[in-house]
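Visitor: Here's a structure for you.
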Amino acid sequence: MRIAVIGGGILGASVGWHLAQGGARVTVFHAAAPGATEGSFAWINASLGNDPAYRRLRVASMAAWPGLAAAAPGTGFQACGGLMWDAPEAELRAYVAEAENYPLRLVGAAEAQGLEPALRHPPALAVHAAGEGMAEPVAAAAALRRGLEVVRSEVTLVEAKGRAALRVAGAVRSFDAVVLAAGAASAALLAPLGMALSMHAPLGMLAWSRPVARRLNGLVMMPDMHIRQTDEGRIVLGEDYGGTDPGMDPEEKGRALLALASQRLHGPTLVFNHVTLAGRPTPGDGRPAVGALAMPGLWLALSHSGVTLAPAIGAMLATEMLTGARDPLLDPYAPDRLVQLT
Ligand SMILES: Cc1cc2nc3c(=O)[nH]c(=O)nc-3n(C[C@H](O)[C@H](O)[C@H](O)COP(=O)(O)OP(=O)(O)OC[C@H]3O[C@@H](n4cnc5c(N)ncnc54)[C@H](O)[C@@H]3O)c2cc1C
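Residue numbers (the UniProt record's numbering): 1 to 342.
Here it is as structure tokens:
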């Protein structure tokens with residue numbers, strides 16, 4: 001089976017990798033423009049605010065991360081755990097009391113300090129989520145694309161002989177199937193085919209420091225700042241994991257965020273390196289859109305939290321495409337609920 005994947009970000013790369021594992025010949029068409037994967041905080045979680053079905057999908061994907069990381073070396077995946085206190089005390093207590101299949105425990109100041117010795121002001125009460133983790137999304141997508149044919153071209157979707165096909169550098173190329181994993185560009189690519197996809201891509205900014213000696217052991221979610229340290233030692237943060245509103249001067253805002261982080265952590269002052277600004281590809285109702293579209297041979301993989309969900313979405317969509325079996329965890333997330341035929 002010859003399959004084209006449009007987009008080589010973390011979702012396209014994971015779908016492509018899993019399809020190749022299943023025996024397909026995969027070509028990834030990956031435009032040069034950076035996407036959400038290049039600007040992601042990359043917190044792997046099923047934290048507060050997820051309905052039960054969505055939490056199950058996220059937990060399944062978290063469970064799949066270690067195996068994927070072992071099979072595709074270089075993802076930067078770490079099951080490092082997360083320490084959070086960005087909710088009122090009653091909410092933190094209820095979160096821990098109601099958690100199912102998700103290891104959480106309340107910790108006091110001494111334990112929080114033990115987990116993250118660099119904190120200048122450890123919280124009186126926090127939740128430690130031992131199963132949460134992080135990856136390095138750019139490295140992870142590259143690790144998953146390794147071994148696939150990658151064409152560094154921008155493509156468009158067309159219909160050829162009643163099936164989805166691609167236009168690449170002026171020529172139409174046909175495949176047995178096409179996966180649209182183009183993140184924020186997905187709706188624009190579908191529009192010429194008469195499909196109006198409901199989605200948006202809110203901008204989020206993150207600030208990145210120059211690399212420093214190991215300062216954080218895991219993810220730290222404070223009330224006004226979500227922060228982690230990358231595997232090359234950079235401190236990366238936003239006002240929350242989804243990024244900060246960049247305002248009129250993103251660099252100034254990034255510098256201010258890092259200055260605040262320096263006040264919160266022991267150790268030398270953090271030196272600003274750069275900011276990233278990326279749209280978070282988000283289906284219209286906030287839940288993933290994964291599966292077949294209303295044109296033969298055309299499939300969609302679109303979600304926010306794509307770093308968390310890449311292992312599950314990649315594996316489940318590949319299985320469905322190659323065998324016809326849809327994973328029940330994907331049942332609520334058929335794309336047609338968000339697509340109007342025009
Ligand atoms: C600030 C921020 C913080 C985030 N934090 C988290 C987090 O903590 N945890 C988490 O799980 N997720 C997080 N996310 C979300 C996550 O990063 C995304 O869901 C994920 O990266 C989406 O991956 P993707 O492959 O779908 O899209 P993208 O990474 O955007 O990749 C799509 C690719 O398609 C390419 N493309 C587009 N059009 C074409 C075309 N016509 N032809 C060829 N190629 C094309 C683009 O160049 C792009 O590289 C965050 C995102 C942002 C922006």
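Quick reminder that beta carbons are idealized off the backbone N, C-alpha and C, glycines included. Every value quoted in this text rests on a predicted model; they were computed, and no experiment measured them.
Below 8 Å between beta carbons: does that hold for I3 and A177?
Guide: yes
Visitor: Count the other CB atoms, across all protein chains shown, that sit within 10 Å of the CB of M316; report buried if there are 16 or more and exposed otherwise.
Guide: Taking every protein chain shown into account, the CB of M316 has 16 or more other CB atoms within 10 angstroms, so this residue is buried.
Visitor: What residues match up with M205 in a beta bridge as DSSP calls it?
Guide: Partner(s): T244, L277.
Visitor: Given 7 Å as the limit, tell me if F175 has its C-beta closer than that to any heavy atom belonging to ligand 1.
Guide: no
Visitor: Are L87 and L48 touching if we call contact CB-CB under 8 Å?
Guide: First, the residue type needs correcting, since residue 87 is Ala and not Leu in the sequence shown. In contact: A87 and L48 (Cβ atoms closer than 8 Å).
Visitor: Measure how close the beta-carbons of V179 and L166 come, nearest whole angstrom, since I'm counting them as under 8 Å.
Guide: With 8 Å as the limit, V179 and L166 do not qualify as a contact, their Cβ atoms being about 11 Å apart.
Visitor: Where do the ends of the alpha helix (DSSP H) carrying S40 lie?
Guide: Per DSSP, S40 belongs to no alpha helix (DSSP H) and is neither H nor E.
Visitor: According to DSSP, simplified to helix, strand and coil, what is L144?
Guide: helix
Visitor: Looking at W208 and ligand 1, is the gap between the Cβ and the nearest heavy atom below 7 Å?
Guide: no
Visitor: For A185, which option in T323, W43, L300 has the closest C-alpha, if you only look at C-alpha atoms?
Guide: L300
Visitor: How close, in whole Å, do the beta carbons of A60 and L329 come, if the pair is a contact with beta carbons under 8 Å?
Guide: 6 Å
Visitor: So is the beta-carbon of F29 under 7 Å away from any non-hydrogen atom of ligand 1?
Guide: yes
Visitor: For S153, count the other beta carbons within 10 Å of its own beta carbon; 16 or more makes it buried, fewer makes it exposed. Which is it?
Guide: exposed
Visitor: Hey, quick one: how far does the beta strand (DSSP E) through W299 stretch, first residue to last?
Guide: 298-302
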